[in-house]
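Data block below; observations after.
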């Protein structure tokens with residue numbers, strides 16, 4: 141049904157509002173109206189969190205199917221930026237970052253010495269998982285590639301369920 145939306149919207153209306161549960165969607169097929177919508181709501185569209193699932197939707201990277209940008213999300217973003225990701229907090233964890241980077245470099249050196257190939261993307265994902273979990277929970281989560289893959293699969297499942 142989604143691929144014919146542009147044809148239907150051009151034939152029937154310039155702007156249409158759809159409500160599905162708590163979500164409201166806008167279908168705009170007129171350039172002037174779209175410009176006006178973006179002019180008055182640009183901050184709302186630009187400030188929404190982007191989920192990985194948007195690249196798999198029919199209209200790639202449109203971000204129109206994301207969740208409402210509520211006051212709770214604004215509050216959580218503010219807490220995250222001022223408390224968790226502040227320069228002072230990040231500098232406190234420089235030793236943890238260096239240690240995780242050294243573990244990654246040691247792995248690359250070991251692969252190089254033994255002549256093995258390795259998937260850099262998987263290793264970077266494992267390092268990122270470990271770093272985030274050590275900063276938040278003070279534990280390493282991925283001691284093997286399988287554990288890292290399990291975490292990645294769980295995150296992908298959550299992303300798919302979120303929309």
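Numbering (this note's numbering), first residue to last: 141 to 303.
Just so you know, even glycine gets a beta-carbon here, dropped at the ideal spot from N, CA and C.
Pairwise C-alpha distance: residue j and residue i
i	j	result
residue 135	residue 291	Absent from the model: residue 135. The displayed extent of the chain is 141 to 303, so no value can be given.
residue 235	residue 242	10 Å
residue 214	residue 249	43 Å
residue 212	residue 222	15 Å
residue 175	residue 259	44 Å
residue 210	residue 225	21 Å
residue 237	residue 228	14 Å
residue 293	residue 172	42 Å
residue 281	residue 270	6 Å
residue 247	residue 233	22 Å
residue 219	residue 273	18 Å
residue 216	residue 286	32 Å
residue 179	residue 275	39 Å
residue 103	residue 256	This structure gives no information on residue 103, because the portion of the chain shown stretches from 141 to 303.
residue 296	residue 265	13 Å
residue 230	residue 298	27 Å
Backbone secondary structure at residue i - three-state DSSP
i	result
residue 225	coil
residue 235	helix
residue 292	helix
residue 258	coil
residue 280	coil
Residue interval of the alpha helix (DSSP H) (run including residue i)
i	result
residue 215	211-219
Chain-order list of residues whose beta-carbon lies under 6 Å from that of residue i (same chain, five-residue window excluded)
i	result
residue 251	258
residue 267	240, 244
Same chain only: Cβ atoms within 7 Å of residue i, ignoring 5 sequence neighbours per side
i	result
residue 263	244, 247
residue 261	none
Close beta carbons around residue i, own chain, < 8 Å, minus the five adjacent residues each side
i	result
residue 253	none
residue 279	273
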